[in-house]
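Visitor: Residue numbers (this note's numbering): 269 to 515. Even glycine gets a Cβ: it sits at the ideal position worked out from N, Cα and C.
Structural data, given as structure tokens:
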């Protein structure tokens, strides 16, 4: 089982409201029970429309969302949740195909867990995601190459215009801005940005591609977030085109 990485002074996550969306009552009951015992306020929904209605009535701090829902699937629910504003989403899927996991990340999911899973593992992932959205130590604004990030306000701009970033995209951009000119491997980014000692490295690839689509003038020829062959990625504030822009 993957174990989340956390700094010694990270401390327990603040209380949060979790929306669990799963049409399997047994799975929903088990997940909700573990989260409730971990101190979270849990609301359940059995399908997409009910989930969206509950999220609109009381905005959750995080959504645990099953991919395979009747009628409106989890991908569409995730898209509509994201349209209403930033909210962390952990996707549950019974599929082992990498394409399904990547598709969930593409529509804005912050993490995924493949069924069958350990409920305790899910709770740890919830804690990790929420810890990332509520940093214990606020840091000052960051800026380079027309990009600005305010970690305390969770706000990012490009040339003064707001950027619609997911939680992980925001964290990834902030990390790059804190470390300009340095190359990082995907394993290191997974550990320092996602907070996991190891995991599916395609998660990093997908988020870099999505972030490039929002911060680069031409995502097909990225100048800011460059691929470093044999290493990973480097943020270059000078904006000199890299040798290869592929993720």
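Residue 456 CB to nearest chain C CB: under 9 Å?
Guide: The structure shown contains no chain C; it holds only a single protein chain.
Visitor: Can you check whether the CB of residue 291 is closer than 9 Å to the CB of residue 343?
Guide: For residue 343 and residue 291, no; Cβs fall outside 9 Å.
Visitor: Helix, strand or coil for residue 501, going by three-state DSSP, please let me know.
Guide: Strand, per DSSP.
Visitor: Would you kindly work out how many angstroms separate the C-alpha atoms of residue 287 and residue 356, rounded to a whole number?
Guide: Looking at the two C-alpha atoms, the distance is approximately 11 Å.
Visitor: Let me make sure I understand the geometry here. Which of 495, 360 and 425 has the alpha-carbon closest to that of residue 289?
Guide: Ranking 495, 360 and 425 by Cα distance to residue 289 puts 360 first.
Visitor: Nearest CA to the CA of residue 446: which residue from 413, 310 and 350?
Guide: Taking only the C-alpha atoms, the option nearest residue 446 is 413.
Visitor: Within the same chain, show all residues whose beta-carbon is closer than 7 Å to that of residue 319, passing over the 5 residues directly before and after it, in chain order.
Guide: The residues are 287, 289, 313 and 345.
Visitor: Report the partner residues of residue 493 according to the DSSP bridge assignment.
Guide: Per DSSP, 503.
Visitor: Can residue 416 be considered in contact with the ligand FMN, in the sense that its beta carbon sits closer than 8 Å to one or more heavy atoms?
Guide: Absent from the structure shown: the ligand FMN. Ligands present: none.
Visitor: Tell whether a beta-carbon distance below 9 Å holds between residue 503 and residue 422.
Guide: Not a contact, by the Cβ cut-off of 9 Å.
Visitor: For residue 382, which residues does DSSP report across the bridge?
Guide: Per DSSP, 361.
Visitor: Go through its chain and collect everything with a Cβ distance to residue 285's Cβ below 6 Å, but skip five positions before and after it.
Guide: Hits under 6 Å: 309, 328 and 329.
Visitor: Secondary structure at residue 288, three-state DSSP: helix, strand or coil?
Guide: In the structure shown, residue 288 sits in a strand (DSSP, three-state: E or B).
Visitor: From residue 475 to residue 438, what distance separates their C-alpha atoms?
Guide: Spanning the two alpha carbons is a distance of roughly 10 Å.
Visitor: Please classify residue 497 as buried or exposed, where buried requires at least 16 neighbouring CB atoms within 10 angstroms.
Guide: Its Cβ having fewer than 16 others within 10 Å, residue 497 is exposed.
Visitor: Distance check for residue 506 and residue 341, CA to CA, integer angstroms please.
Guide: Cα to Cα, residue 341 sits roughly 42 Å from residue 506.
Visitor: Beta carbon of residue 358, beta carbon of residue 399: below 9 Å?
Guide: Their beta carbons are not under 9 Å apart, which means residue 358 does not touch residue 399 by this criterion.
Visitor: Is residue 311 helix, strand or coil by DSSP?
Guide: If DSSP states are grouped into helix, strand and coil, residue 311 belongs with the strands.
Visitor: By Cβ distance, which residues of its chain are closer than 8 Å to residue 456, with the 5 residues on each side in sequence left out?
Guide: Here the set comprises 500.
Visitor: With distance defined between alpha-carbon atoms, name the residue in 411, 471, 435 and 420 nearest to residue 448.
Guide: Measuring from the Cα of residue 448, the nearest candidate turns out to be 411.
Visitor: Could you tell me whether the Cβ atoms of residue 469 and residue 441 are closer together than 9 Å?
Guide: No, the Cβ-Cβ distance between residue 469 and residue 441 is not below 9 Å.
Visitor: In this structure, does DSSP put residue 319 in helix, strand or coil?
Guide: In the structure shown, residue 319 sits in a helix (DSSP, three-state: H, G or I).
Visitor: Report the option in 384, 305 and 324 whose CA atom is closest to the CA atom of residue 334.
Guide: Measuring from the Cα of residue 334, the nearest candidate turns out to be 384.
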